[in-house]
Amino acid sequence: MTRHDAGKYAAKHPPDASLDPVLAEALTRAASNGEVTCAAAFRVVEQIGVSPAAVGQALDLLEYRITKCQLGLFGWGPQKKIVGAAPEVAEDLRLALEGASEEGVISCAACWKIAEKLGLSKLTVAAACDHLRLKVTPCQLGAF
């Protein structure tokens, strides 16, 4: 959801969606000015032992905006994204991305796994996706 959706994030979920108080407290501690960075959200995933999807839903219910996507795709100020197409893509990375994608789409989670497996930064993998014209979706936190 975009900045224009601010204040309406909870509308993505059923009206009876509940918010775990422990998770809400951890996210409130991680928040600054109604925003939580992707990295901070994933620290909460590790600390509390819940799924990224659960953290994403809690962020929505709390109406917190996710910023600074670790793939560089959104939340980086006026320019929104900080990643562009890589000038070239190494063969092993290209093969991994093409193997994990379907019909030009690859998940955020798959990008993270490939980055870890190949010892690359998440931004490098995202830049390769851009070069290969692979759309990254869905976001593990549900932002897109």
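Numbering follows this note's numbering, with no gaps: position 69 of the sequence shown is 707.
Where is the CB? At the ideal position from N, CA and C, for every residue including glycine.
>> So, for arginine 771: in the same chain, excluding its five sequence neighbours on each side, which residues have a beta-carbon less than 8 angstroms away from its beta-carbon?
In response: Looking up residue 771 in the sequence shown gives position 133. Here the set comprises Gly742.
> First and last residue of the beta strand (DSSP E) that includes isoleucine 752?
Replying inline: Within the sequence shown, numbered from 1, the residue matching residue 752 stands at position 114. From DSSP, isoleucine 752 is part of no beta strand (DSSP E) but of the alpha helix (DSSP H) over 746-756.
>> To the nearest angstrom, how far is the alpha carbon of glutamine 734 from that of tryptophan 714?
In response: Within the sequence shown, numbered from 1, the residue matching residue 734 stands at position 96. Within the sequence shown, numbered from 1, the residue matching residue 714 stands at position 76. It should be pointed out that residue 734 corresponds to alanine in this sequence rather than to glutamine. Near 27 angstroms, if we compare the C-alpha coordinates of tryptophan 714 and alanine 734.
> What whole-angstrom Cβ distance do alanine 781 and glycine 722 have, given they're in contact under 8 angstroms?
Replying inline: Here residue 781 refers to the residue found at position 143 when the sequence shown is read from its first residue. Here residue 722 refers to the residue found at position 84 when the sequence shown is read from its first residue. The Cβ separation is near 20 angstroms, so there is no contact.
> With a CB to CB cut of under 7 angstroms and the five nearest residues on each side skipped, what residues in its chain are close to lysine 773?
Replying inline: Residue 773 sits at position 135 when you count from the first residue of the sequence shown. Answer for lysine 773: Gly742, Val743, listed in chain order.
> Whose CA, out of Ala696, Thr675, Ile686, Ala649, lies closest to the CA of leucine 657?
Replying inline: Sequence index remark: in the sequence shown, residue 657 carries index 19 (1-based). For leucine 657, the closest of Ala696, Thr675, Ile686, Ala649 by C-alpha to C-alpha distance is Ala696.
> Tell me the DSSP bridge mates of aspartate 740?
Replying inline: Residue 740 sits at position 102 when you count from the first residue of the sequence shown. At residue 740 the sequence reads glutamate, which differs from the aspartate that was named. Residue pairing by DSSP places glutamate 740 opposite Val743 in a beta bridge.
> By the 10 Å Cβ neighbour count, where 16 or more other Cβ atoms means buried, how is proline 725 classified, buried or exposed?
Replying inline: Numbered from 1 along the sequence shown, position 87 holds the residue referred to as residue 725. Proline 725 is exposed by the Cβ-count criterion.
> Pairing CB atoms from the region 699-707 with CB atoms from the region 661-678, are three or more of them under 8 angstroms?
Replying inline: Enough Cβ pairs lie closer than 8 angstroms, so yes.
> Of the residues Glu740, Ala649, Glu754, which one's Cα is nearest the Cα of leucine 709?
Replying inline: Taking the sequence shown and counting its residues from 1, one reaches residue 709 at position 71. Checked all of Glu740, Ala649, Glu754; the closest Cα to leucine 709 is Glu754.
> Quick one: Cα of leucine 731 to Cα of valine 674, how far?
Replying inline: Indexing the sequence shown from 1 puts residue 731 at position 93. Indexing the sequence shown from 1 puts residue 674 at position 36. For leucine 731 and valine 674, the distance between alpha carbons rounds to 30 angstroms.
> Could you give the C-beta distance for leucine 761 and isoleucine 704, rounded to a whole number, given that I count them as a contact under 8 angstroms?
Replying inline: The residue labelled residue 761 in the question sits at position 123 within the sequence shown. The residue labelled residue 704 in the question sits at position 66 within the sequence shown. Under the criterion of beta carbons closer than 8 angstroms, leucine 761 and isoleucine 704 do not qualify as touching, at roughly 17 angstroms.
> What residues in its chain sit with their C-beta under 7 angstroms from that of serine 759, if we drop five residues either side in the sequence?
Replying inline: As a working note, residue 759 is residue 121 in the sequence shown. These residues qualify, in order along the chain: Ala753.
>> In whole angstroms, give me the CA-to-CA distance for tryptophan 750 and valine 683.
In response: The count along the sequence shown starts at 1 and reaches residue 750 at position 112. The count along the sequence shown starts at 1 and reaches residue 683 at position 45. One C-alpha to the other measures close to 15 angstroms.
> How many angstroms separate the CA atom of isoleucine 720 from the CA atom of proline 653?
Replying inline: To locate residue 720, count along the sequence shown from 1; it is residue 82. To locate residue 653, count along the sequence shown from 1; it is residue 15. Rounded to whole angstroms, the gap between the alpha carbons of isoleucine 720 and proline 653 is 35 angstroms.
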